[in-house]
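**Q** One structure, pasted below without further comment.
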Amino acid sequence: GVEILRSDSHKEILAKLEGVLDAPERAVLEDLFQEFERLHYAPEMNEKSAKARKNARKKLYQSLFRAL
380 GVEILRSDSH KEILAKLEGV LDAPERAVLE DLFQEFERLH YAPEMNEKSA
430 KARKNARKKL YQSLFRAL
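This is the structure we're talking about:
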């Protein structure tokens with residue numbers, strides 16, 4: 380599970396999970412990825428956004444591991 384996260388882009392991860400996830404689960408993951416990227420590339424790099432990114436990343440990984 381963890382190797383996928385480290386090495387692949389979000390689109391590649393979704394492609395690998397294509398046969399594993401049903402449509403609603405995939406939609407949830409896509410939303411999480413978008414939120415993660417939005418926070419990750421946000422211009423404001425203050426403490427609050429760093430904490431938000433950390434929480435988004437944690438949520439993303441938890442969802443992925445539930446899916447796998």
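Here my numbering runs 379 ahead of the position in the sequence shown, where the first position is 1.
Note that beta-carbon positions come from the ideal geometry of N, C-alpha and C, so glycine has one too.
This one's a predicted model, so the numbers in the text were calculated from it and none came from an experiment.
(1) For the alpha helix (DSSP H) holding E397, just list the boundary residues, first then last.
(2) Using 8 Å for Cβ pairs, my map puts L411 next to L439. What's the rounded Cβ distance?
(3) For A406, which residues of its own chain have a beta-carbon under 7 Å away from its beta-carbon, when the five flanking residues on both sides are left out?
(4) Leaving out five residues before and five after F415 in sequence, what residues of the same chain have Cβ atoms less than 7 Å from its Cβ?
**A** So, from the data block:
(1) For this step, residue 397 is matched to residue 18 along the sequence shown. Per DSSP, E397 belongs to no alpha helix (DSSP H) and is neither H nor E.
(2) Within the sequence shown, residue 411 is the residue found at index 32, counting from 1. Within the sequence shown, residue 439 is the residue found at index 60, counting from 1. Between L411 and L439 a beta carbon distance of about 5 Å is seen, short of the 8 Å cut, so the two are scored as contacting.
(3) The residue given as residue 406 occupies position 27 in the sequence shown. Hits under 7 Å: none found.
(4) Along the sequence shown, one-based indexing puts residue 415 at 36. The answer, listed in chain order, is A435, R436 and L439.
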